[in-house]
Structure formats: structure tokens, C-alpha cells
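Visitor: Right, I'll just put the structure down here and ask away after.
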Amino acid sequence: MCPNKIGTSRCPQEELSGRLLPSHSLGAVIHAVKEMVRVHKSLILAACFLTVTAYYHQPTFLEPVYDKYGHEITEDSVLEITALMSTSLGLGFGWNYSQEFYGPLLPPIIPPYLRAYGRNEPRYGQSKGEISNSDTAIASSSTYTNSDGQNTYDRQGGAPSENHPVDKSSDTSQKQYAPFHHRRFKRQANLARRNTADFFNMMHRVDFSSPSGMFLDQLERPPARRELDLNSPASLSSFPSSRIAFPSPSEIRPGSLSNPCPRRQTITCNPSSPYRTVDGLCNNLNNPTWGAALQPLIRMHRENRYHDGLDIPRIASVTDRSKLLPSPRLVSRLVHEPDRDGQEVPELTNMIQQWGQFLDHDITGTPAHKGPDGKDLRCCDNVYLSDERQVHNDVFNKGECNPIYIPPLDRHFHTTCMSFARSQPYPRRQDCDPRAVKEPREQMNMLTAFIDASQMYGSSLKANNLIRFRRHGRMRVTEFNMLPEDFNSTCVKETSYDYCFQSGEMRVNEHPALASMHTVFHRFHNLLATQMARANPRWSDERIFQEVRKIVGAIMQHVTFHEWLPVILGDDVMRSNSLVVSGALDRLRTNWYYDKNVNPTIINAFATAAFRFGHTLIPSTFSVGQQKIRLHRMFNRPRFILEGNGRHIPEFCAGLMEDSVQHFDRYISTDLTDRLFEDRDNVSMDLAALNIQRGRDHGLPSYNEYREVCGLKKIESFEELYLEDADRAEVLRRVYASMDDVDLFTGGISERPLAGAMVGPTFACILSRQFRNLKFGDRFWYESTDRNVGFSDDQLREIKSLSIAKIFCLAAPLDHIIVNPFYKEGSFLPRPVRLVSGEIISQNQYVSCNSLASININYWAFR
Numbered sequence: 001m002c003p004n005k006i007g008t009s010r011c012p013q014e015e016l017s018g019r020l021l022p023s024h025s026l027g028a029v030i031h032a033v034k035e036m037v038r039v040h041k042s043l044i045l046a047a048c049f050l051t052v053t054a055y056y057h058q059p060t061f062l063e064p065v066y067d068k069y070g071h072e073i074t075e076d077s078v079l080e081i082t083a084l085m086s087t088s089l090g091l092g093f094g095w096n097y098s099q100e101f102y103g104p105l106l107p108p109i110i111p112p113y114l115r116a117y118g119r120n121e122p123r124y125g126q127s128k129g130e131i132s133n134s135d136t137a138i139a140s141s142s143t144y145t146n147s148d149g150q151n152t153y154d155r156q157g158g159a160p161s162e163n164h165p166v167d168k169s170s171d172t173s174q175k176q177y178a179p180f181h182h183r184r185f186k187r188q189a190n191l192a193r194r195n196t197a198d199f200f201n202m203m204h205r206v207d208f209s210s211p212s213g214m215f216l217d218q219l220e221r222p223p224a225r226r227e228l229d230l231n232s233p234a235s236l237s238s239f240p241s242s243r244i245a246f247p248s249p250s251e252i253r254p255g256s257l258s259n260p261c262p263r264r265q266t267i268t269c270n271p272s273s274p275y276r277t278v279d280g281l282c283n284n285l286n287n288p289t290w291g292a293a294l295q296p297l298i299r300m301h302r303e304n305r306y307h308d309g310l311d312i313p314r315i316a317s318v319t320d321r322s323k324l325l326p327s328p329r330l331v332s333r334l335v336h337e338p339d340r341d342g343q344e345v346p347e348l349t350n351m352i353q354q355w356g357q358f359l360d361h362d363i364t365g366t367p368a369h370k371g372p373d374g375k376d377l378r379c380c381d382n383v384y385l386s387d388e389r390q391v392h393n394d395v396f397n398k399g400e401c402n403p404i405y406i407p408p409l410d411r412h413f414h415t416t417c418m419s420f421a422r423s424q425p426y427p428r429r430q431d432c433d434p435r436a437v438k439e440p441r442e443q444m445n446m447l448t449a450f451i452d453a454s455q456m457y458g459s460s461l462k463a464n465n466l467i468r469f470r471r472h473g474r475m476r477v478t479e480f481n482m483l484p485e486d487f488n489s490t491c492v493k494e495t496s497y498d499y500c501f502q503s504g505e506m507r508v509n510e511h512p513a514l515a516s517m518h519t520v521f522h523r524f525h526n527l528l529a530t531q532m533a534r535a536n537p538r539w540s541d542e543r544i545f546q547e548v549r550k551i552v553g554a555i556m557q558h559v560t561f562h563e564w565l566p567v568i569l570g571d572d573v574m575r576s577n578s579l580v581v582s583g584a585l586d587r588l589r590t591n592w593y594y595d596k597n598v599n600p601t602i603i604n605a606f607a608t609a610a611f612r613f614g615h616t617l618i619p620s621t622f623s624v625g626q627q628k629i630r631l632h633r634m635f636n637r638p639r640f641i642l643e644g645n646g647r648h649i650p651e652f653c654a655g656l657m658e659d660s661v662q663h664f665d666r667y668i669s670t671d672l673t674d675r676l677f678e679d680r681d682n683v684s685m686d687l688a689a690l691n692i693q694r695g696r697d698h699g700l701p702s703y704n705e706y707r708e709v710c711g712l713k714k715i716e717s718f719e720e721l722y723l724e725d726a727d728r729a730e731v732l733r734r735v736y737a738s739m740d741d742v743d744l745f746t747g748g749i750s751e752r753p754l755a756g757a758m759v760g761p762t763f764a765c766i767l768s769r770q771f772r773n774l775k776f777g778d779r780f781w782y783e784s785t786d787r788n789v790g791f792s793d794d795q796l797r798e799i800k801s802l803s804i805a806k807i808f809c810l811a812a813p814l815d816h817i818i819v820n821p822f823y824k825e826g827s828f829l830p831r832p833v834r835l836v837s838g839e840i841i842s843q844n845q846y847v848s849c850n851s852l853a854s855i856n857i858n859y860w861a862f863r
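Heads up, the sequence shown is in the UniProt record's numbering, so the first residue is 1 and it goes up one at a time.
This is the structure we're talking about:
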């Protein structure tokens with residue numbers, strides 16, 4: 001019989017998603033609380049606060065957590081504790097909790113002094129012979145959640161998740177998954193969560209800012225659990241793929257970003273895992289770090305061009321080392337500022353650039369240095385640069401600020417300094433051992449290099465935990481099936497109802513169109529997860545989640561290589577680099593093979609210059625319903641999606657398919673060069689200047705050097721360029737002293753596009769090399785014939801039959817849609833589409849969503 005101490009009408013097992021402690025442990029917990037209520041006065045206040053906090057808590061992850069002796073600590077035990085304390089104080093908190101209405105509670109947030117052990121368990125410093133059945137101990141709790149959202153027990157190794165029962169009901173509504181259905185509860189929850197850290201800092205002087213958590217030296221791992229048997233589906237379904245590992249002493253990986261001398265750690269791999277690890281490790285079994293998150297970018301050009309060969313950014317002209325390169329802001333104004341409205345590509349839609357940004361946030365993310373408080377470095381506070389050489393003072397003194405000098409009489413900016421923090425370097429040997437041979441500075445990629453939908457699922461276990469619902473393989477959503485809330489983001493909240501979105505990649509709030517893409521694929525994952533759970537009622541949450549994640553990643557790969565990349569590179573470059581993949585109307589599998597000697601790690605020039613070509617494609621206005629909204633008005637403002645309970649999401653998606661994309665040229669919208677991320681104080685940045693400065697910060701060689709690396713002819717002088725393109729030669733001569741000074745980004749987007757492509761020859765070279773590496777260096781490539789990591793023929797056919805248009809139909813949602821969202825209506829389709837009726841569409845047109853093929857999950861049913 002279930003105790004009913006929290007005021008519910010049903011058993012805790014039925015009402016909540018958690019699981020009860022063993023009865024002897026729960027009794028010990030309650031007894032411990034009684035003793036602490038009697039003795040510890042400050043703990044009473046803390047418990048009251050926990051009562052309110054737990055009541056309004058949003059779910060982030062529902063992994064089981066354990067005390068020192070392996071007893072599972074659940075939501076029910078915490079409610080018992082807090083209810084008991086409130087009763088002892090005579091507060092009478094009501095616990096009429098409805099999971100169907102509010103969603104499941106979090107695993108408990110228990111302060112480190114509130115760990116209770118079961119009967120016959122010793123206190124610290126006490127032997128087993130000294131304890132009685134009623135003895136309890138107070139110690140550090142492994143369930144404490146840091147201010148950065150990471151579960152400290154999870155950081156210490158974690159525990160396998162248990163199978164969750166699958167809901168077999170046909171109700172597909174989002175009601176039971178929405179943590180908040182009334183704004184009142186959201187506002188109260190926000191207040192409770194914002195004040196939690198301050199409360200405990202005041203009461204117990206706890207350091208919540210520590211990235212490694214508090215009292216980690218007191219944490220102890222739970223008892224050893226069973227070994228993973230990958231030949232057993234039941235065993236596999238209980239383990240997150242990121243923890244599947246075996247020792248490999250030959251490989252070493254550094255630790256955290258903030259530690260310049262990380263603890264050397266062996267990488268462990270399991271060659272039989274059918275799923276990717278969340279951080280990308282062990283894709284290549286011989287070189288486990290290739291393509292993984294938190295790894296250094298690699299160089300396409302063997303040498304860097306740092307000023308000192310090691311660290312100081314590229315700042316001087318090749319013709320005269322005493323002469324500085326032109327200010328990035330000056331280059332932006334004279335080379336990249338349009339003197340007219342941008343020219344549109346009549347046959348292509350704005351979805352081209354939007355998919356590019358969505359994809360970019362899947363494979364590249366270079367972190368910038370932060371201040372001691374973890375916030376962005378403010379490199380221009382109380383700074384007036386009277387001379388351009390002053391901007392380099394900090395880097396010459398080993399600082400991490402390298403601000404951009406703004407020349408006097410700038411048309412838009414009324415200051416001389418634009419803040420710029422250097423990219424965070426990958427730890428080097430000399431950082432830990434001054435006697436070591438000095439290595440040049442290399443930047444790191446925060447994300448996995450692979451096209452694996454990590455912008456949704458995260459590139460770390462922490463990020464993955466924050467977006468998972470832990471039931472039926474689903475991801476968290478809020479009211480109206482929107483992305484969950486991120487309480488640590490710094491988006492612009494213009495009303496009391498605004499909140500920042502949370503996804504697997506932190507840049508989700510940059511623009512509402514990008515957030516719309518995240519929302520669509522987030523919903524699409526949950527739709528597939530619901531169908532997968534019905535097709536496989538015995539599967540655990542973990543197995544459903546990983547299988548759907550695998551499908552979504554495959555769809556990302558297919559859309560990128562089959563529909564999007566041919567538009568960017570053209571058919572000739574696609575064929576010559578073996579980048580072509582077959583469609584639903586072609587043969588099922590192309591001649592793909594896995595090459596373990598191909599390194600898929602992101603190339604520095606790709607992330608820092610070439611893949612930023614999309615910045616020139618972005619228009620100044622976006623269509624949202626019947627209105628046109630200026631780009632700069634929407635930066636970091638979720639209001640444009642949250643208004644109308646999310647009704648603007650289908651409007652943003654439809655607008656991306658109706659608006660034309662801009663031509664690939666050297667011009668970038670002034671909404672990006674003058675008003676990037678403009679805040680309420682009218683403080684903004686220049687995207688083109690940032691791109692140029694970032695390339696110099698990374699020590700990238702010049703545009704001319706990359707032409708030579710790509711087998712193109714070096715342009716010896718402006719006069720030689722004048723014969724090919726007089727306009728480009730004239731504008732570059734105005735700012736650079738030599739063609740060998742021209743920055744890669746500026747030179748690359750100033751080239752004329754190749755025939756049938758959107759980019760010029762230099763960027764086509766860099767892009768094709770990177771995408772070839774991502775295709776042939778990915779052991780989990782979706783066309784793999786290895787049935788352990790790939791798909792069956794029927795499953796692969798379903799994936800290739802599903803178009804991006806159908807995804808928007810299902811998840812935006814839309815009733816009618818253009819057959820190929822990358823092309824305007826009436827355009828000729830280079831890759832025809834077959835409708836459900838069998839009709840072949842070769843000219844783009846609007847059709848009913850019902851006429852587009854969907855994915856049949858029955859091919860994934862294993863009964």
C-alpha cells in the first residue's frame with residue numbers, strides 16, 4: 001500500500017514519473033529529516049525553499065541518481081522530505097500535483113549536507129559495528145545540480161537508465177509533455193529558480209560558480225554495476241551510447257576548456273556500438289578523437305601566419321612588417337558594404353542560406369575567451385583608441401582581447417573600438433610544461449564535426465541531458481509544443497512572457513528563423529519517437545531516443561548532400577569530388593566506402609572563412625505572414641516566435657520558401673555590417689569585420705596562399721587581377737598594400753561563382769574538401785553497408801524518400817508546400833520528386849502535404 005503523505009489522490013508511482021527508494025532507505029531518510037529538523041535551524045529554511053522550488057521545477061533529465069551506497073534517490077523521496085518539513089513547521093503546503101497537467105518533476109535538487117543513508121550504513125568515520133538501525137549520516141550529495149545545469153553524479157560516471165514503460169495510448173497531443181500550461185506557474189517557477197543559487201550562497205556560503213561542482217572531493221562513485229553486453233539488445237537499451245567504452249591506452253584526450261593543463265585521460269571505445277557517441281568520440285576506432293567535440297581544428301595549409309609564428313594574430317603586411325594590415329572595419333566598409341539593394345537570385349529561395357546556418361551550427365562552433373566571471377570579455381569598456389596600433393597592445397602582453405579599430409568619421413559607429421575576444425586555444429604542451437617545445441596556437445571546435453544533428457541533440461552529455469524528456473524517447477517541450485526554456489541564456493526578453501529557447505546548440509536564439517528550424521526538427525524528433533514507441537512497445541526510452549536520433553542525423557546528411565550541397569558547389573564539383581548521393585528515384589546506394597585514414601575534423605579555413613560564405617546570401621528583410629520585418633530587429637528576440645502561441649513558426653517557414661536568396665558576391669547587408677546583434681542601447685557589431693578579424697586571430701594565411709594550395713594560379717598583382725575583374729581589383733587596391741595581404745574571407749567572397757555553382761573556385765575547393773572528409777571519414781555514414789551502424793535497404797529507401805518539404809508539413813505544420821523548398825515556384829528541378837500518387841514533378845510547384853511521401857516507421861519495428 002502506498003503512503004499518501006504528499007496530499008495526492010494516487011500512489012506516487014502512478015502520479016509521478018520517478019521510482020521509490022527501497023523502503024528501508026526511505027525510512028532512514030525520513031528519520032534523518034526528523035533529526036535534522038530538530039537540530040539544524042538553517043536547514044529548515046532551506047527545506048522550505050526546496051519545497052517551493054521542487055513544486056515548480058521544469059524537467060531537464062530523468063536519469064536515476066544514487067546515494068553513496070547505491071540506493072536510488074527519486075522525486076518521491078524528496079517530496080516526502082519536503083512535505084515532512086513543511087508539516088513540522090506548520091506551513092501546510094498543498095501537494096495536489098498532476099503529472100498530466102504540469103509534466104514530471106525533476107530529479108531532486110538536494111543540498112550537499114542532505115544525504116541520508118539506509119539502515120546499517122555507517123556514517124563518515126564510523127565503522128559498521130558502531131551503527132544502529134536508526135543511524136543516519138549527513139554528507140555530500142551526488143544529486144546536487146550545479147548552476148551550469150550539469151549533474152555532478154553524471155559527471156562522475158553516471159548510472160544506466162532503466163526501461164520506462166511505453167504509453168500505448170493513441171493520444172498524440174502534447175498536453176502531458178508540457179511542463180507549464182499557465183503563465184502564472186511559469187513566472188513563479190522562474191522566480192524560484194533564479195533565487196535558488198542566491199539563497200544557498202547566503203545561507204551556507206556555497207560556491208555555485210565552480211564548474212566542477214562543490215565538494216567534489218567528497219563524492220564517491222556508487223558500487224560497480226553490470227558490464228555492458230552489446231550483443232544483448234536489452235543490455236544495450238539501458239546504456240547511453242556516450243558511456244559505451246573500453247580502454248585504449250594509446251589515445252589521450254584533454255579535459256575541460258577552462259583548464260590549460262587538463263588531466264590526461266585514456267579514451268575508451270566499443271567497436272560494436274550501433275550508435276554514435278554524443279560527443280563524437282570513437283567514430284574512428286584507430287583515432288578516436290577525429291571529428292570529436294573539444295578537439296583542435298586542423299590546417300589545410302600546413303603553416304600558420306601568426307605574427308610571431310606561435311600565437312600573436314596576423315597583423316602586418318607581407319610587403320612591410322612595420323606596416324599594419326588594414327582595419328577589418330575599414331575593409332568591411334570599402335569592400336563589403338553594398339551601395340544598392342542586394343541582388344536576388346530569382347530561382348532560389350532564402351531556405352538556401354537558412355539551411356546553411358542550421359547545418360553550420362551542427363558542425364562548427366569555435367568558443368571565444370570569457371572573462372573570470374564566465375561572461376563575454378568586454379574589450380572596449382572605458383577604452384578610446386587614438387591610434388590603430390593600440391588595438392594590439394593586449395595580445396602582445398599575452399592577453400585575450402584583440403579589439404577592432406574603427407577609423408574616425410565612421411558612417412555608423414561613433415566610437416573607435418569594437419570589442420573582440422580571441423578564440424579559445426586548444427591546450428598546448430608549453431601550457432603545462434614550460435620546458436616543452438613550443439607549439440603554435442590552435443583553436444578548437446566545441447561541436448562534433450559530423451553531420452549528426454548535434455545542434456538539436458548537443459555535443460556533450462550535459463547538453464544532451466538538458467533537452468531530453470526521458471520518456472518514450474522524446475525531447476522536452478513547453479506550452480504549444482515549443483522548445484524548452486533556457487534559464488541561463490541572454491536573449492532579449494521584451495515582455496514578461498518571453499523566454500529564451502534551449503536546444504542542443506546555444507546559438508538557437510540568434511534569429512527567429514533559425515529558432516523555427518530548431519523547433520521544426522525538435523517536433524519532428526518527437527513525432528518519430530511517438531511512432532517508434534508504438535511500433536516497439538518493449539523498447540526503453542534510451543533505445544527509442546538513439547534510434548530516432550540516428551534517423552534524424554541520416555535525414556540531415558541526405559538533405560545536405562542530395563538537395564542543398566549541389567546548389568552550392570554545382571554538379572561538376574560534386575562529381576569530381578565523389579560527393580553525389582542517390583535519391584529515391586535512383587539506385588539505392590552509391591559507391592560509398594569508409595576510409596579510416598580520412599580525418600573528418602573541421603578545417604580551420606572552412607570554419608573561419610569558407611563556410612561563412614552564407615553571410616553574403618542573407619537578405620535585409622524576412623517575410624512573416626503578410627509583413628516584411630527587418631533583419632536587425634529580430635536578433636536574439638524570441639518574441640517573434642512566442643507571439644500568438646507559436647503561430648509564427650509556420651509563417652517563418654513559409655516565408656523562407658517564398659523570399660529569394662541574395663546573390664553570392666562581396667556585398668553583405670548593412671543589417672549585418674552595422675547593426676549585428678543590436679541591443680536596446682544601440683550597441684552593435686559588424687559581421688564582416690568580425691569574420692576578417694577571426695581569420696587573423698586564427699593565423700590563417702592569405703587568400704593568395706589558399707589559391708595555391710587549391711591548385712589555382714596565384715594572383716601576382718592588382719594589375720593582373722584588373723584584367724580578370726576590374727571592379728574587384730580596384731576595390732581591393734584601395735585597402736590592401738598587396739594581393740598577398742588580402743584576407744581569405746574577403747578574397748573568397750569577392751570571386752565570381754563557378755558555372756552552375758554559388759561560390760567561386762577557392763571556396764569551392766575548401767568546401768568540397770571538407771564535405772568529402774565528412775562523407776568518407778564518417779564510420780556512421782547513412783549509406784553504410786555495415787548493418788550494425790547503417791540501415792537496411794527498406795529503411796534507407798524510406799529515408800531517401802522523405803523530403804525536407806514533408807518535414808515542414810508534419811512539424812511546422814503546413815497544409816500546402818512547395819515541392820522543393822530550396823527552389824522558387826516554377827523553377828526547373830534538377831532532381832525530380834515523386835509524389836505518393838506516382839506522379840513525377842520536374843517543375844517546382846505547390847502541392848498538398850498529403851501528396852508527399854512520409855516515413856514508414858514499421859520498417860523499424862522489431863517485435
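Cβ coordinates follow ideal geometry from the N, Cα and C atoms, glycine included.
1. State buried or exposed for I766, treating a residue as buried only when at least 16 other CB atoms are found within 10 Å of its CB.
2. Taking the alpha-carbon of H511 as reference, which of S854, S750 and M634 has the nearest alpha-carbon?
3. Among all the DSSP beta bridges, which residues are the ones paired with E485?
4. I need the DSSP call for V559, collapsed to helix, strand or coil.
5. Can at least three beta-carbon pairs, one atom from the segment 484-500 and one from the segment 620-627, be found at a separation below 8 angstroms?
6. Touching or not, the segment 458-476 and the segment 273-285, by the rule of three or more beta carbon pairs under 8 angstroms?
7. Going by beta carbon distance, what residues of the same chain come within less than 7 angstroms of F413, once the five residues before and after it are set aside?
8. Could you check whether A811 and L527 sit closer than 9 angstroms to each other, using their CB atoms as the reference points?
9. Let me know the beta strand (DSSP E) ranges lying completely inside the segment 645-709, each 3 residues or longer, listed in chain order.
10. Among the residues of its own chain, which have a CB less than 7 angstroms from the CB of A610, if the five just before and after it don't count?
11. How many angstroms separate the CA atom of H698 from the CA atom of N691?
12. Taking the alpha carbon of Y667 as the reference point, which residue from E716, Y497, H615 and F677 has its own alpha carbon closest?
13. Just the Cα atoms here: how many angstroms apart are T670 and L631?
14. What is the rounded straight-line gap between the Cα of S506 and the Cα of H648?
15. Our contact map puts P403 next to M418 with C-beta atoms below 8 angstroms; I'd like the distance itself, whole angstroms only.
16. For A689, is the classification buried or exposed, using 16 other Cβ atoms within 10 angstroms of its Cβ as the cut-off for buried?
17. Buried or exposed: where does D743 fall if 16 or more other Cβ atoms within 10 Å of its Cβ makes it buried?
18. I'd like to know if the segment 355-366 and the segment 432-445 are in contact, where contact means that at least 3 CB-CB pairs between them fall below 8 angstroms.
19. Going straight from the alpha carbon of E121 to that of S540, what length do you get?
20. Go through its chain and collect everything with a Cβ distance to G750's Cβ below 6 angstroms, but skip five positions before and after it.
21. Using a Cβ-Cβ cutoff of less than 6 angstroms, which residues in the same chain neighbour M556 once the five nearest sequence positions on both sides are dropped?
22. For a test of the three-state rule: what should DSSP assign to S623, helix, strand or coil?
23. Does the segment 367-377 touch the segment 342-350, meaning 3 or more C-beta pairs lie closer than 8 angstroms?
24. Using three-state DSSP, classify R831 as helix, strand or coil.
25. Kindly confirm or deny that the segment 777-787 and the segment 589-598 touch, where touching means at least three C-beta pairs closer than 8 angstroms.
26. Note down, in chain order, each residue of its chain lying with its Cβ closer than 6 angstroms to the Cβ of N577, except the 5 sequence neighbours on either side.
27. What residue does the beta strand (DSSP E) around V508 start on, and which one ends it?
28. For S854 versus L835, is the C-beta distance shorter than 9 angstroms?
29. Can the beta-carbon of R637 be found closer than 9 angstroms to that of V492?
30. Could you please give me the residues that DSSP links to D376 through a beta bridge?
31. For V567, tell me which candidate among V552, I312, H663 and P425 has the shortest Cα-Cα distance.
32. Could you check the C-alpha separation between P701 and E547 for me, to the nearest Å?
33. Mark A436 as exposed unless 16 or more other C-beta atoms lie within 10 angstroms of its C-beta, in which case mark it buried.
34. By how many angstroms is the C-alpha of R429 removed from the C-alpha of L754?
35. Between the C-alpha atoms of M517 and F606, what's the straight-line distance to the nearest angstrom?
36. Could you give the distance in angstroms between the alpha-carbon of G399 and the alpha-carbon of P427?
Guide: Taking the geometry as given:
1. The count along the sequence shown starts at 1 and reaches residue 766 at position 766. I766 is buried by the Cβ-count criterion.
2. Against the sequence shown, residue 511 aligns to sequence position 511. The residue from S854, S750 and M634 with its alpha-carbon nearest to that of H511 is M634.
3. Looking up residue 485 in the sequence shown gives position 485. In the DSSP assignment, E485 is bridged to F501.
4. Within the sequence shown, numbered from 1, the residue matching residue 559 stands at position 559. DSSP places V559 in helix when its eight states are reduced to three.
5. Too few Cβ pairs lie closer than 8 angstroms, so no.
6. When Cβ pairs closer than 8 angstroms are counted between the two stretches, the segment 458-476 is seen to touch the segment 273-285, the count reaching three or more.
7. As a position in the sequence shown, residue 413 is number 413, starting the count at 1. Hits under 7 angstroms: I406.
8. Along the sequence shown, read from residue 1 onward, the residue named residue 527 stands at position 527. Along the sequence shown, read from residue 1 onward, the residue named residue 811 stands at position 811. It is a contact, given that the beta carbons lie within the stated cut-off.
9. Taken in chain order, the complete beta strand (DSSP E) segments of 3 residues or longer contained in the segment 645-709 are 660-662.
10. By 1-based counting over the sequence shown, the position of residue 610 is 610. Only G748, F763, I766 and L767 meet the Cβ criterion.
11. What you label residue 698 is simply residue 698 of the sequence shown in a count that begins at 1. What you label residue 691 is simply residue 691 of the sequence shown in a count that begins at 1. Counting only the Cα atoms, N691 lies some 11 angstroms from H698.
12. As a position in the sequence shown, residue 667 is number 667, starting the count at 1. Closest by alpha carbon: H615.
13. One-based indexing of the sequence shown puts residue 670 at position 670. One-based indexing of the sequence shown puts residue 631 at position 631. Distance between the alpha carbons of T670 and L631: 10 angstroms.
14. Position 506 of the sequence shown, counted from the first residue, corresponds to residue 506. Position 648 of the sequence shown, counted from the first residue, corresponds to residue 648. Here the sequence assigns Met to residue 506, which means Ser is not the residue at that position. Rounded to whole angstroms, M506 to H648 spans 21 angstroms at the Cα level.
15. On the sequence shown, position 403 is the one that residue 403 refers to. On the sequence shown, position 418 is the one that residue 418 refers to. That belief holds up - the Cβ atoms of P403 and M418 are roughly 6 angstroms apart, short of 8 angstroms.
16. In the sequence shown, the residue the question calls residue 689 occupies position 689. A689 is classed as buried because its beta carbon has at least 16 other beta carbons within 10 Å across all chains shown.
17. The sequence position of residue 743 within the sequence shown is 743, counting from 1. By the neighbour-count criterion, in which a residue is buried when 16 or more other Cβ atoms sit within 10 angstroms of its Cβ, D743 is buried.
18. With a cut-off of 8 angstroms, the segment 432-445 and the segment 355-366 count as touching, because enough Cβ pairs lie within range.
19. Working through the sequence shown from its first residue, we reach residue 121 at position 121. Working through the sequence shown from its first residue, we reach residue 540 at position 540. Legend: pLDDT at E121 = 37, less than 50; position of this residue unreliable, no value from coordinates given.
20. In the sequence shown, residue 750 corresponds to position 750, counting from 1. Position check: residue 750 holds Ser in this sequence, whereas Gly was assumed. When the five nearest sequence neighbours on each side are left out, the beta carbons in the same chain lying within less than 6 angstroms of the beta carbon of S750 are those of R666 and R728, in order along the chain.
21. Locating residue 556 in the sequence shown gives position 556, counting from the first residue. The beta carbon of M556 lies closer than 6 angstroms to those of I451 and A453 in the same chain, with the five residues before and after it left out.
22. Here residue 623 is taken as the residue at index 623 of the sequence shown, counted from 1. In the three-state reduction of the DSSP assignment, S623 falls in the strand class.
23. They do not touch, by the three-pair rule.
24. The residue you call residue 831 lines up with position 831 of the sequence shown. Here R831 sits in strand by DSSP.
25. The segment 777-787 is in contact with the segment 589-598.
26. Numbered from its first residue, the sequence shown carries residue 577 at position 577. Cβ neighbours of N577 beyond the five flanking positions: S768 and R772.
27. Locating residue 508 in the sequence shown gives position 508, where the first residue counts as 1. Taken as a continuous stretch (DSSP letters only), V508 belongs to no beta strand (DSSP E), as it is neither H nor E.
28. Within the sequence shown, numbered from 1, the residue matching residue 854 stands at position 854. Within the sequence shown, numbered from 1, the residue matching residue 835 stands at position 835. No, they are not a contact pair.
29. As a first step, residue 637 must be located in the sequence shown, where it is residue number 637. As a first step, residue 492 must be located in the sequence shown, where it is residue number 492. Less than 9 angstroms divides the Cβ of R637 from the Cβ of V492.
30. Here residue 376 refers to the residue found at position 376 when the sequence shown is read from its first residue. The beta-bridge partner set that DSSP reports for D376 consists of K370.
31. The residue you call residue 567 lines up with position 567 of the sequence shown. The candidate whose alpha carbon is nearest that of V567 is H663.
32. Numbered from its first residue, the sequence shown carries residue 701 at position 701. Numbered from its first residue, the sequence shown carries residue 547 at position 547. Between the alpha carbons of P701 and E547 lies a distance of about 42 angstroms.
33. Here residue 436 is taken as the residue at index 436 of the sequence shown, counted from 1. Under the 10 Å beta carbon count, A436 is surrounded by fewer than 16 other beta carbons and is classified as exposed.
34. Start at 1 with the first residue of the sequence shown, and residue 754 comes out as number 754. Start at 1 with the first residue of the sequence shown, and residue 429 comes out as number 429. Cα to Cα, the separation comes out at about 43 angstroms.
35. Here the question's residue 517 lines up with position 517 in the sequence shown. Here the question's residue 606 lines up with position 606 in the sequence shown. Rounded to the nearest angstrom, the two C-alpha atoms are 23 angstroms apart.
36. For this step, residue 399 is matched to residue 399 along the sequence shown. For this step, residue 427 is matched to residue 427 along the sequence shown. Taking the straight line joining both Cα atoms gives about 16 angstroms.
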